[in-house]
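Asker: Handing you this structure, nothing more for now.
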Amino acid sequence: MRKIKEVIVVEGRYDKNALAQVVDATVITLGGFSVFNDKEKLAFLRRLAEKQGLIVLTDSDGAGFVIRNYLKGALPKELVKQAYIPDVHGKERRKRHAGKEGKLGVEGMKPEVLLEALARAGATFLDGEGKSAPTKEPLTKADLFALGLTGGPDSAARRQALLKRLDLPEHLTANGMLEALNLLYDRETLEQVMNDEEKQP
């Protein structure tokens, strides 16, 4: 059980239960879309962000991204880290049918996948074993443009191909992708991935 300093924000109680098996941390549930009309919960999250920092961990489907983007606009950016789970198709055991997009949510992820997502987001592990995010020069929008991922006629297709290749959620916007890439890669590694992709037949 890894101890994490930040408060982790998830969509619902099943996500919270899944995390409780993996980390010793404060986990707050949003109750899905109900957070949009819950000013008190938002104020509470803001206070937690100021005190301990927050990590947002939503599902990788469209609904998860609507919630994530809402929180991005409502909470102080510098106090919130974004953790992303990969797109994995399947259905949770407790559900009769898969979700609309057929993807597993946070509750369906294996413990090591959840830990990896939190470590990549820069979670502060208090037991000394955690990976702390190395300091590196961040990627910029200019880098995305130079790599042909924005501003070109086939940029959207290139972004989709890269997201798929890197096992990142397909709903990321260009800005969301930049944020996720900065959590996971440095410029050199990303260029290497792009070059490898172009060499493939």
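The sequence shown begins at 1061 in the working numbering and counts up by one. For each residue, glycine too, the CB sits at the ideal point set by N, CA and C.
Closest to Val1116 by C-alpha separation, out of Lys1163, Gly1150 and Gly1072, would be which residue?
Answerer: Among Lys1163, Gly1150 and Gly1072, the Cα nearest to that of Val1116 belongs to Gly1072.
Asker: Just to check my reading of the structure: Val1083 and Met1061 have Cβ atoms closer than 8 Å, yes? What is that Cβ distance to the nearest angstrom?
Answerer: Indeed, because the Cβ distance is near 7 Å, the residues count as touching under 8 Å.
Asker: Starting from the C-beta of Ala1181, find all residues in its chain whose C-beta is less than 7 Å away, skip the five residues before and the five after it, and write them out in chain order.
Answerer: Ile1115, Lys1141, Gln1142, Ala1143 and Leu1243
Asker: CA-CA distance, Phe1096 and Leu1135?
Answerer: 12 Å
Asker: Mind checking which residues open and close the beta strand (DSSP E) that includes Ile1064?
Answerer: No beta strand (DSSP E) holds Ile1064; DSSP gives it neither H nor E.
Asker: The beta strand (DSSP E) spanning Ala1143 covers which residue range?
Answerer: Val1140 to Ala1143
Asker: Taking Cβ positions only, does Ala1217 come closer than 9 Å to chain D?
Answerer: Structure shown: chain D not included; a single protein chain is present.
Asker: Once DSSP output is grouped into helix, strand and coil, what is the label at Lys1163?
Answerer: strand
Asker: Closest by CA to Asn1255, which one among Gly1211, Leu1207 and Lys1224?
Answerer: The option with the nearest alpha carbon to Asn1255 is Leu1207.
Asker: Measure the C-alpha to C-alpha separation of Ala1217 and Ile1068 and round it to an integer number of angstroms.
Answerer: 32 Å
Asker: When you compare only the Cα positions, how much space is there between Glu1002 and Arg1128?
Answerer: No answer is possible for residue 1002: the residues shown for the chain start at 1061 and end at 1261.
Asker: For the alpha helix (DSSP H) that contains Leu1204, what are its first and last residues?
Answerer: Lys1201 to Ala1206
Asker: Where do the ends of the alpha helix (DSSP H) carrying Val1173 lie?
Answerer: Pro1171 to Arg1180
Asker: Evaluate Asp1149 with the Cβ neighbour count: other Cβ atoms within 10 Å of its Cβ, from every protein chain shown; 16 or more gives buried, anything less gives exposed.
Answerer: According to the sequence shown, residue 1149 is His rather than Asp. Exposed, since its Cβ has fewer than 16 Cβ neighbours within 10 Å.
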